[in-house]
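> Next up is a structure, given as structure tokens.
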Amino acid sequence: MEPIQINIRQLFVLIVLFEHGSAIVIPLGVSAKQDVWIAILLGLALGLLVFSVYGRLFRCYPDQPLVGYIQHIVGAPLGKLLGIVYVTYFLYIAARVLRDFGELLLTFAYPETPLFVLNAIMALVVMYGAYKGLEVLARTGELFLAMLYVMALAGFVLVFVSGVMDLSQLEPVLEEGWGRVWKTVFTETLYVPFGEMIVFTMLFPYVNNPAKVSRAAVIGMALTGLNLAVIAAINMIVLGPDGASRSSFPLLDTIRRIQVAHFFERLDVLFMIALIIGGFFKISIFFYAGVVGAAHLFGISKHQRIVYPLGLLVLLLSIAIASNYAEHIYEGLKIVTFYLHIPLQIIIPVLLLVIAAIRRRFGPSTK
Amino acid sequence: MKRRIAIFVLLVVCTGMLAGCWSKKELTDLAFIIAVGLDKTKDGKYLASFQVVNPGNVAGATQRGGGAAGVPVSIYASTGDSLVEASRKASQKLSRLPYYAHTNLVVIGEEVAREGLDGVFDALERNNQFRTTARLVIAHGHSAQDVLTVLTPVDKISANQIIKTLEFSEMAWGQTMNVDVWQVIRDLSSPGRNPVVTGVKIEGNPTRGKRQTNVQSSVPDARVSLDGLALFKNGRLVKWVNGPTARGVVWVLDRIKQTNVTIPWNGKQEAIGFRTVRAKTDVEAEFKGGRPSISVHIGAEGDISEVLTMVHLNDPAVLLRLEKELDRHIENEVKQAIVSAQRVRTDVFGFGDAVHRAAPRLWKKIQNEWHDRYFPELDVTVTADIYIRRTGLRNKPYMEK
Chain W
1 MEPIQINIRQ LFVLIVLFEH GSAIVIPLGV SAKQDVWIAI LLGLALGLLV FSVYGRLFRC
61 YPDQPLVGYI QHIVGAPLGK LLGIVYVTYF LYIAARVLRD FGELLLTFAY PETPLFVLNA
121 IMALVVMYGA YKGLEVLART GELFLAMLYV MALAGFVLVF VSGVMDLSQL EPVLEEGWGR
181 VWKTVFTETL YVPFGEMIVF TMLFPYVNNP AKVSRAAVIG MALTGLNLAV IAAINMIVLG
241 PDGASRSSFP LLDTIRRIQV AHFFERLDVL FMIALIIGGF FKISIFFYAG VVGAAHLFGI
301 SKHQRIVYPL GLLVLLLSIA IASNYAEHIY EGLKIVTFYL HIPLQIIIPV LLLVIAAIRR
361 RFGPSTK
Chain B
1 MKRRIAIFVL LVVCTGMLAG CWSKKELTDL AFIIAVGLDK TKDGKYLASF QVVNPGNVAG
61 ATQRGGGAAG VPVSIYASTG DSLVEASRKA SQKLSRLPYY AHTNLVVIGE EVAREGLDGV
121 FDALERNNQF RTTARLVIAH GHSAQDVLTV LTPVDKISAN QIIKTLEFSE MAWGQTMNVD
181 VWQVIRDLSS PGRNPVVTGV KIEGNPTRGK RQTNVQSSVP DARVSLDGLA LFKNGRLVKW
241 VNGPTARGVV WVLDRIKQTN VTIPWNGKQE AIGFRTVRAK TDVEAEFKGG RPSISVHIGA
301 EGDISEVLTM VHLNDPAVLL RLEKELDRHI ENEVKQAIVS AQRVRTDVFG FGDAVHRAAP
361 RLWKKIQNEW HDRYFPELDV TVTADIYIRR TGLRNKPYME K
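For the protein sequence lines, the chains are W and B, in the order given.
Just so it is clear: in the first sequence, position 128 is 128 by UniProt numbering, and no numbers are missing.
Just so it is clear: in the second sequence, position 99 is 99 by UniProt numbering, and no numbers are missing.
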């Protein structure tokens, strides 16, 4: 453990940026059609429940990251193995988000640029950020969050003024009953972005005020959940259920509908900036968690020493994981969710908490 | 020394990265396509026409007062099995790279519209340059290419002329609509609503309209004007509606902003003109014994714009009677529009969407037969509430009794 310290506000900022991350640009939960906002809010509610598990685990071991206390709870050999699984998971998701990011840019802005070049540029920035460490990342975040919010507000006002909103597109509410909504919650919105809070269990020990960590995380998640629900609802109101679900990037289409006074139009750049800011923080946090996790597991005193090798690995992985965008999305929705998100975000943390509680009560004190 | 080399390498890398000119295109290498026209050739291929801005001549023409410089736009046409193929093929004639980010108008030839729009727009919405906020019109009785070739006097670029006409005519007169590609795609993909698109026609002689002399006369040899609304069914153009009926369609779709309604009074046919300032239409679905019915309610307010008969406008009771007459007049106009759509069995008003919102279960059962079976027999009640707020600068007209 390196003596890095971030304050509670910086943690909050990182959580908000991370949770918005790619969730604002991808078609999140559109399989629920016009009820997508309900699916996101339910995802948030269950996500908070799942987070309470992470929060409790952190309270038991306030000075240890996930890969540290996992060894305390299940013992060194199994714990180390699980630690390696988690580190791999974080790096793999970093590679996935990096791929998302490259694909999005390639689809709508740089059709002639090779994917590798775009990913490499982003990966370089991410590696540099991780090399500089969490404090630098958090301070950058404070700057960018304000920017993101100003842009979001401007975008909202412009969409409103353009007169392209048709509230009736949200009707009929719950057309197919609750079934479709719950299905979306349990296959999409619960895990991305809310379940991904698991990555912060690696960063909580670096916060200088452990008592307030859970509160900051809960408020950050709630704020993001509301924002995402509003954005998804606006996409529906502007594009309609059919338009939004056929679109690769609903938010981009919504922004493209803006036309105010023949002057404010073609504001695609707003989307682009949101995409780059969100993408950067999401990749950075997953990557940083993977790097410090690996450093912790293998007893490397300075995490800087493995930033570049692991960064290169993530970059290559981001290219190698899928041969086209459809395959990438399919893997994300059908395979990663069931084989990675559910066990690693929910099952293992819950088991850890149960075992920790049993050990506390019956076993000799672990402290 | 080591540090210096590192900084040097960094600078070199930065210059490479920051310039950002991976696939740069110079302005002088781009052909700005301002409008796209789509027709069919005799052997069933698409004939795409591209109106390309002639930048030098647009700027020059304004400075020289529409002088003898070249034409502001030129048309490139090419054929292909699809729009993209035709567009790529046009590069054999075009000395620059076609650039679609500024395409503001899409003109569909009547023949293509009659054959069906399914799939026609896919290339447009898939492409990352093209904006689906581009306006859409149907060439009424002419080919799209003819419409695009006519040179226009006031707004030099004829695509802009058409777009601005669409915009201001919808605002002032309300018998046409300013529809964009995105809305048409939405209507095409929705089971409860079919598209309506404005038509354009050429008044005069299209072959003389392509010459620069067309804009050197105060009455051009050929003019492009808006003409009626095209109603679609299953993606195919099935009927044109004009005049008051077209305005009835626009009323139901809640797109009326301002218009002028003339009503008879004192036995005189066109006696009193009413100008709307604000209008709002609400469409609601109701159910009687499991069968849907629709109520359309129009609320509008405005001023008296013209009086051609003797009437005392400072008497509130007279205004009240005038309002009643206006209500009746507008209700008739709207009913006329609904009946003419019912006759061709196409719900261009989105009544199906209203039913869908109000009764999703019932809609599931009837949506496949909506246009053919339910819509033509649909019971529609139309009510209008018109308010005359002011009578202009005069109360009584100057004529004798």
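By construction, the Cβ of each residue, glycine as well, lies at the ideal position given by its N, Cα and C atoms.
Could you please tell me which residues of the segment 166-182 of chain W, in chain order, have their CB closer than 7 Å to any CB of chain B?
For the segment 166-182 of chain W, which is checked against every Cβ of chain B, the residues closer than 7 Å are S168, E171, P172 and E175.
> Determine whether the beta carbon atoms of D146(B) and L97(B) lie at a separation below 9 Å.
Taking the second sequence and counting its residues from 1, the one referred to as residue 146(B) is at position 146. Taking the second sequence and counting its residues from 1, the one referred to as residue 97(B) is at position 97. Their beta carbons are not under 9 Å apart, which means D146(B) does not touch L97(B) by this criterion.
> Within 9 Å of any Cβ in chain B, is that where the Cβ of Q259(W) sits?
For the purposes of this step, residue 259(W) is identified with residue 259 of the first sequence, where counting begins at 1. Yes - at least one Cβ of chain B is within 9 Å of the one on Q259(W).
> Could you tell me if R126(B) is buried or exposed, where buried requires 16 or more neighbouring beta carbons within 10 angstroms of its beta carbon?
Locating residue 126(B) in the second sequence gives position 126, where the first residue counts as 1. Classification of R126(B): exposed, given that the 10 Å Cβ count is below 16.
> P360(B) touches chain W at which residues, Cβ-Cβ below 7 Å?
Locating residue 360(B) in the second sequence gives position 360, counting from the first residue. The answer, in chain order, is P172 and E175.
> Once the 5 residues before and after S31(W) are set aside, which same chain residues still bring their CB inside 6 Å of it?
Translated into positions along the first sequence, residue 31(W) becomes position 31. Excluding residues within five positions, the ones whose Cβ falls inside 6 Å are T184.
> Between G66(B) and chain W, is there a C-beta pair that is closer than 9 Å?
Along the second sequence, read from residue 1 onward, the residue named residue 66(B) stands at position 66. Reliability of the predicted coordinates at G66(B) is poor, the pLDDT of 47 falling under 50, and the value obtained from them is presented with this limitation in mind. Not closer than 9 Å to any Cβ of chain W, the Cβ of G66(B) fails to qualify, so no.
> Mind reading off the beta-carbon distance from A232(W) to G29(W)? Whole number of angstroms is fine, and I expect it under 8 Å.
In the first sequence, residue 232(W) corresponds to position 232, counting from 1. In the first sequence, residue 29(W) corresponds to position 29, counting from 1. About 7 Å separates the two Cβ atoms, so the contact holds.
> Do you know offhand how far I329(W)'s Cα is from M171(B)'s?
Along the first sequence, one-based indexing puts residue 329(W) at 329. Along the second sequence, one-based indexing puts residue 171(B) at 171. Straight-line Cα distance between these residues: approximately 45 Å.
> Going by Cα to Cα distance, which pick from Q71(W), D63(W) and M202(W) is closest to G293(W)?
Here residue 293(W) refers to the residue found at position 293 of the first sequence. Ranking the options by Cα distance to G293(W), first place goes to M202(W).
> Smallest Cα separation from E270(B): which of L326(B), L378(B), A358(B) and L319(B)?
Here residue 270(B) refers to the residue found at position 270 of the second sequence. Nearest C-alpha to E270(B): L326(B).
> Go ahead and pull the three-state DSSP assignment for V53(W).
Taking the first residue of the first sequence as position 1, residue 53(W) is located at position 53. Helix, per DSSP.
> Where does A322(W) sit, in a helix, a strand or coil, going by DSSP?
As a first step, residue 322(W) is located in the first sequence; it is residue number 322 there, counting from the start. In this structure, A322(W) counts as coil in the three-state DSSP scheme.
> Which value, in whole angstroms, describes the spacing of the CA atoms of residue 407(B) and V154(B)?
Because residue 407(B) is not part of the residues shown, which for chain B are 1 to 401, the question remains open.
> Grab me the residues of V184(B)'s own chain with a C-beta within less than 6 Å of its C-beta, minus the 5 sequence neighbours each way, in chain order.
In the second sequence, residue 184(B) corresponds to position 184, counting from 1. Correct list, in chain order: L136 and P195.
> For V219(B), is the classification buried or exposed, using 16 other Cβ atoms within 10 angstroms of its Cβ as the cut-off for buried?
Here residue 219(B) is taken as the residue at index 219 of the second sequence, counted from 1. By the neighbour-count rule (16 or more Cβ atoms within 10 Å), V219(B) is not buried but exposed.
> How close, in whole Å, do the beta carbons of V218(W) and F12(W) come, if the pair is a contact with beta carbons under 8 Å?
Here residue 218(W) is taken as the residue at index 218 of the first sequence, counted from 1. Here residue 12(W) is taken as the residue at index 12 of the first sequence, counted from 1. Rounded, the Cβ-Cβ distance is 10 Å, inconsistent with contact.
> Any chance you could list the beta strand (DSSP E) runs of at least 3 consecutive residues sitting entirely within the segment 240-272 of chain B, in chain order?
Runs of the beta strand (DSSP E) inside the segment 240-272 of chain B: 260-265.
> Flag this pair as yes or no: are the beta carbons of L270(W) and M165(W) separated by less than 9 Å?
Taking the first sequence and counting its residues from 1, the one referred to as residue 270(W) is at position 270. Taking the first sequence and counting its residues from 1, the one referred to as residue 165(W) is at position 165. It is not a contact, given that the beta carbons lie outside the stated cut-off.
> Which residues, in chain order, does the segment 23-34 of chain B contribute to contact with chain W at a C-beta distance below 7 Å?
Listed in sequence order: S23.
> Taking its Cβ as the centre, do 16 or more other Cβ atoms sit within 10 Å of Y149(W), making it buried, or is it exposed?
Position 149 of the first sequence, counting from 1, holds the residue named residue 149(W). Classification of Y149(W): exposed, given that the 10 Å Cβ count is below 16.
> Roughly how many whole angstroms lie between the Cα atoms of G70(B) and V224(B)?
The residue given as residue 70(B) occupies position 70 in the second sequence. The residue given as residue 224(B) occupies position 224 in the second sequence. Near 20 Å, if we compare the C-alpha coordinates of V224(B) and G70(B).
> Checking 9 Å against the spacing of the C-beta atoms, do D372(B) and R345(B) come in under that value?
Mapped onto the second sequence, residue 372(B) falls at position 372. Mapped onto the second sequence, residue 345(B) falls at position 345. It is a contact, given that the beta carbons lie within the stated cut-off.
> Please state the DSSP three-state secondary structure of A68(B).
Here residue 68(B) corresponds to residue number 68 of the second sequence, with the count starting at 1. Low confidence applies here, because A68(B) scores a pLDDT of 49, under 50, leaving its location unreliable and the question unanswered by this model.
> What residues are listed by DSSP as bridge partners for V224(B)?
By 1-based counting over the second sequence, the position of residue 224(B) is 224. Answer is I202(B), bridged to V224(B).
> At the 9 Å Cβ level, is P210(W) part of the contact set with chain B, yes or no?
Against the first sequence, residue 210(W) aligns to sequence position 210. Closer than 9 Å: no.
> Short of 7 Å in beta carbon distance, which residues of its chain neighbour Y206(W), apart from the five on each side in sequence? Order them along the chain.
Counting from one through the first sequence, the residue named residue 206(W) turns up at place 206. Closer than 7 Å at Cβ, skipping near neighbours: I4, Q5, I6 and L134.
> Kindly say whether A109(W), judged by its beta-carbon, lies nearer than 9 Å to any beta-carbon of chain B.
Walking along the first sequence from the start, residue 109(W) turns up at place 109. Yes, A109(W) counts as interfacial toward chain B.
> I need the boundaries of the beta strand (DSSP E) containing L38(B), first residue and last residue.
Here residue 38(B) is taken as the residue at index 38 of the second sequence, counted from 1. That run of the beta strand (DSSP E) goes L30 to K40.
> Quick check on DSSP: helix, strand or coil for E176(W)?
Working through the first sequence from its first residue, we reach residue 176(W) at position 176. Reduced to three states, the DSSP call for E176(W) is coil.
> Could you round the C-beta distance between A337(B) and V283(B) to whole angstroms and report it? I think they count as a contact, below 8 Å.
Position 337 of the second sequence, counted from the start, is the residue given in the question as residue 337(B). Position 283 of the second sequence, counted from the start, is the residue given in the question as residue 283(B). That belief does not hold up - the Cβ atoms of A337(B) and V283(B) are roughly 13 Å apart, past 8 Å.
> Run through DSSP, which three-state label would D35(W) get?
Translated into positions along the first sequence, residue 35(W) becomes position 35. In the structure shown, D35(W) sits in a helix (DSSP, three-state: H, G or I).
> Interface residues of chain W around M17(B) at Cβ under 8 Å?
Locating residue 17(B) in the second sequence gives position 17, counting from the first residue. Going along chain W in sequence order, the residues near M17(B) (Cβ under 8 Å) are I121.
> So what does DSSP say about R4(B), is it helix, strand or coil?
As a first step, residue 4(B) must be located in the second sequence, where it is residue number 4. It is helical.
> For V354(W), count neighbouring C-beta atoms within 10 Å of its own C-beta (all shown protein chains included) and say buried if the count is 16 or more, exposed if not.
As a working note, residue 354(W) is residue 354 in the first sequence. Answer is exposed; the Cβ neighbour count stays below 16.
> Determine the contact status of S143(B) and E115(B), defining contact as a CB-CB distance below 9 Å.
Working through the second sequence from its first residue, we reach residue 143(B) at position 143. Working through the second sequence from its first residue, we reach residue 115(B) at position 115. Taking 9 Å as the Cβ cut-off, S143(B) and E115(B) do not qualify as a contacting pair.
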